[in-house]
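In terms of the numbering used here, the sequence shown is residues 2 to 112.
Positions of the beta carbon are idealized from the N, C-alpha and C atoms, including for glycine.
What follows is a single structure, written as structure tokens, with notes after it.
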Amino acid sequence: MSIKETVYLARDNAVDLELRENGAAVDLEAVTRMILTDLACVWSVDSQSSPGVFNWMQGDGRLTMKLGSEPIPVGTHWCHLIVFDPGNPNGTVWGEKIGVKVVAICAAPVI
């Protein structure tokens, strides 16, 4: 089953995921980098160049991504999450692909 998440451009909404392996939450303390990339290789978000987007230090396998400020095209994208740690310096594709729907919402006029 693929995950379906919504990203609102120019908004602070977060995407929250729980990374699990064999049914148990994964310890992400050793993670050094994460990349979210679309399957067409048109765009990616890398924790090295956008460190404020990813937060995996919450414990219990929780990952929060704030993608609203990233230059992601509007539309539906199928993505992979690539996780790097000292034992996997080339990264590991994590689990199933992630469905991301990117939406632009016009700001309401200020009165």
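Asked: Minimum C-alpha distance to Ile-36 - residue among Gly-53, Gly-60, Arg-21 and Gly-24; Found: Gly-53
Asked: Contacting residues, own chain, Cβ-Cβ under 6 Å from Ile-73 (five flanking each side not counted); Found: Trp-44 and Val-103
Asked: Distance CB(Arg-63)-CB(Ser-48) smaller than 8 Å; Found: no
Asked: Among Gly-69, Lys-98 and Val-75, the one whose alpha carbon lies nearest that of Leu-82; Found: Lys-98
Asked: Span separating the alpha-carbon of Pro-90 from that of Thr-65; Found: 22 Å
Asked: Simplified DSSP assignment, three categories, for Cys-107; Found: coil
Asked: Helix, strand or coil at Met-2 [DSSP, three-state]; Found: Low local confidence applies: a pLDDT of 45 at Met-2 is under 50, so the model's placement there is unreliable, with the coordinate-based value given in what follows. Coil at Met-2, not helix or strand.
Asked: Option in Asp-61, Thr-7, Glu-6 and Arg-12 with minimal Cα separation from Ser-70; Found: Arg-12
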